[in-house]
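Take a look at the structure set out below.
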């Protein structure tokens, strides 16, 4: 067993989300999810959950279409960043350095095998709350305001892909991400893969795009501190007349407790909590056959058919 | 056993709270407790929790001092109101009819044996959310906004009294309130009594005023839907630098889970959840001797010494 | 407005559940729901939840078929019991007095309009835990053992009926139960009615039996103290390989958070928490048209088709 | 910045707890904490929480005294184990290989600077539930039984030490543990240090032994899945008349929600949940001055004086 480059990636850093209705989307993320704007440009806002130690975990950008602008991972050190970029180059990746943005330093941008834009960076400003609004405890980064769903942080990015297995192996081989669960078909292809750089089961997820689309976003997920708060979020969303696509219920993989909505720009947004921490350092993912998965072991609602086909941008976009 | 006038009182309707710093108090109740203003006059606001079926459960009034303006009970019918007023008159109460206020009809105002101003009324407007902000379900009265502690309703009023027993008997005899728990001293006097017109253990509470003061307010308590939300409220309050006097922890009487703060006007405010429902219709309150109570059976923190002496208005006011 | 006999019924007292596999059913209620046997006869057990102040809230009886043996309400006083029996007789009910059982006194047994056997009683022994196993607090009736779902009490009985409206009016007129919610068809018939003798929205529920069956049980529901505990119960049930028919999710009526299983005898059993308390004493139930109800306002899963047809005993029994 | 040997330790594996009353202690861990015995010898039992992927996380051993037998960390690979043993030898540690026990392979045993026996191992059997009692989901290791507090796993070990700083540096330097929080005195000495090999803030903790004792155990902590379950545990413990030393409340360091009891052998046992995950890979622990810590920022009860002095074995043992 080799753990390869394990440890070089520290965690998911942020996602850039594209929206054709930026003002409405901003109202969703601030008013309903409870995030805070820390910086803005002419056509983008940088937002944070109350638990983010970095300045932001979401960039919301005006665009002609919905979907993922990019997702970004933070390397665990400058050397780790160098190593990952070197691997990318050795693997023939067609990447380049992106400019620092809103407190995060230079990032190397590349694409995963399905074409999703990804970045890796190390330098980052630690968030310091403005004088006059420091939290009571120095172990917190920001005051707990209790606004709306009051999400703590971006928890994972779920990407649709034509070749889930290829994407999974890309992150394992090149970045040392751990795979915790896989849904594997009889033909060896995979319908889903759950990867992470930490003991937390969720971080980067791939699910099969049944439409044959490429480079699409399935959803971004934001963390709240208890399943009870996921239930509260359902009250908030339904009274705001935001469409609820699924949940509250529990997933099979990672066993996370979920609620799925769509933000005004059309992107699917999950609010989640629970799920397990995985301490075993050995490589032994849980592998579900497609039949086992379809049989719905344990409890939890069936996901709607749209989970197989709807992603952003929509296919006709 | 006679159940006397049981059934004539439907529930606690509202409390009027006096504050010398009205703007700051208003910010506390709207921003931190998450209540909504439904009406205002030159020197008062009427506020509601998201679960109130009446228009309001709190009147916040500017005053030179803190404390209770009055507390008000809703009678279960016009006839029940008549009966209670007749009893008051027969008992020699020095009461009179107060004008309708902000959607609640005529109220008979009187004083409990310790001098707290109390009212009883029947007529009330049911709250109807403004067009454009109706909740998703017609069984809700208002949208669930998830702002701050997001309290559902006024849950109980806790009054300090020189003669707890006398006050308890006044409500039992005259209004048919049930007594659920009593702390009784060896001399037959009482240190606390928990009464209610419903199966919910809390509604009108008396605790002994160890200072010898009269007519003072111990606290108002507002309900949240889970103990987890009481814990969240502690985060909200501590990051707003509102003083936390006690909790989160659990009381012996009624077993409610509590958090005590002081609103800017100096009035003690509880946010609570949990506690039992009492279904037994027979008269059999739990009676704690002072020694049993002091021995702290079960679990939960000891209350601070200020609980015996601090009330509003302060003694020197 | 007349409140009629309101107040004469204190609360739901217990249900007798029939099971063709008594030993297996007993293991379900003790091992998985966490109830305790307090008495037994040759072919029945009497069980309690940890919060029952009476000796028991469930009688489990061996029988050739599943279904409801009877449900029983406790009157609020001896006089109230007399009044209700007098009403039954005046209404031509064909009832008779049943013998005391396991600490509950004489009960008048009658049938609701759909033929379900019902009882009303007043006398009851208060439960006293055996010496050596008293709880820490005298306000509790029994130790908190944390076994399985650890249900607190029987919360409601849900009965299938051909004429929901007729059943609802029977309880309103004859027993003063309050109706909190109704699902009403365009033809004036009703698909469901939620009644209670207390501020708690659930107690006696009728739903339409789409099969045309008579006198069948839809389910018994047992209370746990938080929605989080309903979620825990789903873990317990799925790992015990007990079939989960629905949930965890939230109902429209009363907004209770539910989990539905079948006990080994085939009877549907709900574990629930949450839902609202209704303080308004006026008669103003929430009335859903069948269309409004079918549109699923708010959030929560759709109930499976079996909810319309499956009851106990099964039709072919 | 160097991350040194970070990554070589995977996680806390188990603790051996000594008890002079083994049968009573066993009843506590199985009946009240809900753990399961997987193996036993003449004078010891091996127990697991329902979430342990290894066979056990607690060894309970009969002894003439209470306290810690040893604590054990699992290395992330055979090579990592070799590296850590090499470091120990290079650092002059007086260690030796202990025999495999109950499914865990050879362990190198050494002492921390305060004299606590510690082990590090790599080989371990993954737990497989007996046929006939497999859980519903293959991502679980064991059925969820819901017995008592139903702890998921051993979460952390808290050790008392004369020189907290020395112990902290031992683990950082030799084993790559991260330090998340420190309480530092003006003289540069430390009153507490919170270390972990994962993003979870708790794993190995040192607190100052104010008595001058050596090698003593402050407590073992077991995880439950929500703060609500910590509250439930308080009900279970108080009704079992197990002494509750502190809580439920929240700690300053790591912000864990806690309940402290003593198991019958005298060892302090915590049941905990909540607390933060720390994603930042950089070395920047939160450092509290003794004054800041004593000022109790945020919310949460003060710990009792016994937290400074009571450990196992007691000083007079």
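Residue numbers (this note's numbering), protein chains in the order written: chain W, 1 to 317; chain L, 318 to 634; chain S, 635 to 951; chain V, 952 to 1268.
Quick reminder that beta carbons are idealized off the backbone N, C-alpha and C, glycines included.
| Check | Outcome |
| --- | --- |
| Cutoff 9 Å: residue 782/S Cβ touching any chain V Cβ | yes |
| Neighbour flag for residue 556/L against chain S, beta carbons, 9 Å | no |
| Chain W within 9 Å of residue 560/L, Cβ atoms only | no |
| Residue 1134/V - DSSP class collapsed to helix/strand/coil | strand |
| Per-residue contacts from residue 920/S into chain L (C-beta, under 9 Å) | 454, 455 and 456 |
| Neighbour flag for residue 807/S against chain L, beta carbons, 9 Å | no |
| Sub-9 Å separation of residue 680/S and residue 712/S beta-carbons | no |
| Cβ neighbour criterion (16 or more within 10 Å) applied to residue 315/W | exposed |
| Those runs of the beta strand (DSSP E) which lie wholly inside the segment 733-786 of chain S and span at least 3 residues | 741-745 and 751-755 |
| C-beta contact flag for residue 1173/V and residue 1221/V at 9 Å | yes |
| Backbone secondary structure at residue 319/L - three-state DSSP | A caution first: residue 319/L carries a pLDDT of 39, below 50, which makes its placement in the model unreliable, though a value can still be read off. It is coil, neither helix nor strand. |
| Cβ pair residue 664/S, residue 781/S closer than 9 Å | yes |
| Distance, residue 126/W Cα to residue 597/L Cα | 57 Å |
| Cross-chain neighbours of residue 1185/V in chain L, by beta carbon under 9 Å | 567, 615, 616 and 617 |
| Residue 928/S in three-state terms, based on DSSP | helix |
| DSSP three-state assignment for residue 278/W, whether helix, strand or coil | coil |
| Residue 543/L at chain W interface by Cβ criterion, 9 Å | yes |
| Residues from the segment 104-121 of chain W in contact with chain L, defined by Cβ distance under 9 Å | none |
| Exposed unless 16 or more other CB atoms sit within 10 angstroms - verdict on residue 66/W | buried |
| Positions along the segment 819-842 of chain S whose CB lies within less than 7 Å of some CB in chain L | 832, 833 and 834 |
| Partners in chain V for residue 548/L, counting only beta-carbon separations shorter than 7 Å | 1178 |
| Residue 276/W: contacting residues in chain L (beta-carbon distance under 8 Å) | Those within 8 Å of residue 276/W in chain L number zero; the least Cβ separation is about 20 Å. |
| Minimum Cβ-Cβ distance from residue 2/W to chain S less than 9 Å | Note that residue 2/W scores a pLDDT of 39, beneath 50, so its modelled location is shaky and nothing firm can be said. |
| Among 208/W, 182/W, 210/W and 218/W, nearest to residue 201/W - alpha-carbon criterion | 182/W |
| Beta carbon proximity, residue 786/S to chain V, threshold 9 Å | no |
| Any 3 or more C-beta pairs closer than 8 Å across the segment 528-543 of chain L and the segment 610-618 of chain L | no |
| Identity of the residue in 823/S, 818/S, 838/S and 773/S nearest residue 790/S by Cα | 838/S |
| Exposure label - residue 135/W; buried when at least 16 CB within 10 Å | buried |
| In DSSP terms, what residue 521/L is bridged to | 474/L and 512/L |
| Residues bridged to residue 652/S [DSSP beta-bridge criterion] | 695/S and 701/S |
| Endpoints, alpha helix (DSSP H) assigned at residue 175/W | 164-175 |
| Where residue 875/S sits in the DSSP three-state scheme | coil |
| Any C-beta of chain V under 9 Å from that of residue 574/L | yes |
| Under 7 Å by beta carbon: chain L residues contacting residue 734/S | Ordered by position in chain L, no residue passes the 7 Å Cβ test against residue 734/S, which lies about 17 Å from the chain. |
| Straight-line gap, residue 273/W to residue 115/W (C-alpha atoms, nearest Å) | 29 Å |
| Minimum C-alpha distance to residue 1217/V - residue among 1228/V, 1138/V, 1180/V and 1264/V | 1264/V |
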